[in-house]
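In what follows, a single structure is set out as structure tokens and then discussed.
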Amino acid sequence: MFYSMVVDAIFANDELDRLEIDAKWTAGLSQGIVKAFRKRMQQIRAATDERDLYKLKSLHFEKLEGKRQHQHSIRLNNQYRLILEILPENPDVKKNKVIKIIGIEDYH
Numbered sequence: 007m008f009y010s011m012v013v014d015a016i017f018a019n020d021e022l023d024r025l026e027i028d029a030k031w032t033a034g035l036s037q038g039i040v041k042a043f044r045k046r047m048q049q050i051r052a053a054t055d056e057r058d059l060y061k062l063k064s065l066h067f068e069k070l071e072g073k074r075q076h077q078h079s080i081r082l083n084n085q086y087r088l089i090l091e092i093l094p095e096n097p098d099v100k101k102n103k104v105i106k107i108i109g110i111e112d113y114h
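Position one of the sequence shown corresponds to residue 7 (the working numbering), numbered consecutively onward.
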């Protein structure tokens, strides 16, 4: 059985939500990080599921370890990562997969 789903994104806070949709809002981040974040959000929303994110090698999509093993990261640049969680599916509801955007973190 084939399901054509597109990923839905929700945000851990209003600043991240606003960062995606408000062209003038930078949340104190550099323009390069904001541009990369918006591009990554387009790629996340276009994915059918997380396998599509793994296929895009430029994302460096990876599962985190330790206390963060329930989270994943996507590279924004050499220094910053977008942290996200793939929420469990509800088999009773046939709807899009949901990815929760947790934050943008400096890995250095």
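Glycine included, every Cβ here is placed at the ideal spot set by N, Cα and C.
Taking the beta strand (DSSP E) that Phe17 belongs to, which residues open and close that run? The count along the sequence shown starts at 1 and reaches residue 17 at position 11. Boundaries of the beta strand (DSSP E) harbouring Phe17: 14-17, taken from the DSSP string.
Over the uninterrupted beta strand (DSSP E) stretch that includes Leu70, give me the two end residues. The sequence position of residue 70 within the sequence shown is 64, counting from 1. Element bounds for Leu70: n/a, residue is neither H nor E.
Could you give the DSSP three-state label for Ser36: helix, strand or coil? Your numbering for residue 36 matches position 30 in the sequence shown. Three-state DSSP puts Ser36 in coil, outside helix and strand.
Which class does Tyr113 belong to by DSSP, given the choice of helix, strand or coil? Here residue 113 is taken as the residue at index 107 of the sequence shown, counted from 1. In the structure shown, Tyr113 adopts coil according to DSSP, grouped into three states.
Helix, strand or coil, according to DSSP, for Leu90 in the structure here? Reading the sequence shown from its first residue, position 84 is the one you call residue 90. Reduced to three states, the DSSP call for Leu90 is strand.
Hey, Ala18 and Ile50 are a contact pair by Cβ (cut 8 Å); roughly how many whole angstroms apart? In the sequence shown, counting from the first residue as 1, residue 18 sits at position 12. In the sequence shown, counting from the first residue as 1, residue 50 sits at position 44. With a Cβ gap of about 14 Å, Ala18 and Ile50 do not count as contacting.
Round the Cβ separation of Ser79 and Leu70 to the nearest angstrom and send it over; I've been treating them as touching at under 8 Å. Here residue 79 is taken as the residue at index 73 of the sequence shown, counted from 1. Here residue 70 is taken as the residue at index 64 of the sequence shown, counted from 1. Your pair Ser79 and Leu70 checks out as a contact, with CB atoms roughly 6 Å apart and the cut at 8 Å.
Counting contacts by CB-CB distance shorter than 7 Å, is Ala52 in contact with chain D? The chain inventory of the structure shown lacks chain D, comprising one protein chain alone.
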